[in-house]
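In what follows, a single structure is set out as C-alpha cells and then discussed.
In the numbering used here, the protein residues as written are 4 to 142.
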C-alpha cells in the first residue's frame with residue numbers, strides 16, 4: 004500500500020484553520036505544535052516531509068561561514084540563529100512552502116485545532132469574565 008506524499012502538523016491555537024496544512028500517514032506520525040507561529044525542530048520536519056535526517060540537512064539553507072545565509076527559494080530556510088551551535092528551527096509555513104514548491108507535494112496544510120480545555124483554562128476564563136463584568140460596572 005502506498006501513502007500520499009504529504010505530512011500533517013497539527014497545532015493548537017484559537018481553533019481557526021489556516022491556509023497551510025501538512026497531512027500525516029497516521030495519528031502517531033502527526034507533529035503537534037502549540038501555535039501556528041511555533042518553530043519546529045529538524046526531527047519534526049523530518050516526520051512532516053517523510054525524509055531522512057540527512058536529507059533534511061541537505062535541504063536546509065546553511066553555510067559553513069555564514070550564520071544566517073540569505074533566503075534561497077530552492078532550500079528549506081531555517082529561522083535566524085544567534086549562535087552557530089543553536090539547533091536549526093523552522094517555521095511551519097516555510098516547511099509547507101518548501102514541500103509544495105520544491106518537493107512538489109500537492110497537499111500542504113497546517114491544521115489548527117482547539118486545545119482540550121483544562122482546569123487552568125476554565126479558571127482563567129472565569130477570571131476574565133469577572134474582570135469584564137467589573138469593567139462594565141465601573142463604566
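The beta carbon of each residue, even a glycine, is placed where N, CA and C say it ideally should be.
If you drop the 5 nearest sequence neighbours on each side, which residues of the same chain put their C-beta closer than 7 angstroms to that of residue i?
| i | result |
| --- | --- |
| residue 31 | With a pLDDT of 49 at residue 31, under the threshold of 50, the modelled position of that residue is not reliable, and no figure is offered here. |
| residue 70 | 84 and 87 |
| residue 105 | 77 |
| residue 82 | 42, 92, 93 and 94 |
| residue 66 | 72 |
If I measure Cβ to Cβ from residue i and keep anything under 6 angstroms in the same chain, skipping five residues before and after, which residues do I get?
| i | result |
| --- | --- |
| residue 80 | 64, 74 and 97 |
| residue 56 | 49 |
| residue 122 | none |
Classify residue i: buried if its beta carbon has 16 or more other beta carbons within 10 angstroms, exposed otherwise.
| i | result |
| --- | --- |
| residue 134 | exposed |
| residue 51 | buried |
| residue 89 | exposed |
Starting from residue i, trace the alpha helix (DSSP H) both ways and give me its first and last residue.
| i | result |
| --- | --- |
| residue 47 | 45-52 |
Can you name, in chain order, every residue of its own chain whose Cβ lies under 8 angstroms from the Cβ of residue i, other than the five neighbours on each side?
| i | result |
| --- | --- |
| residue 59 | 45, 48, 49, 52 and 79 |
Practice task
Assess, as a yes-or-no matter, whether the segment 117-132 is touched by the segment 90-108 under the definition of 3 or more beta carbon pairs within less than 8 angstroms.
Solution key: no
Practice task
List in chain order: all unbroken beta strand (DSSP E) runs of 3+ residues lying wholly within the segment 60-139.
Solution key: 113-116
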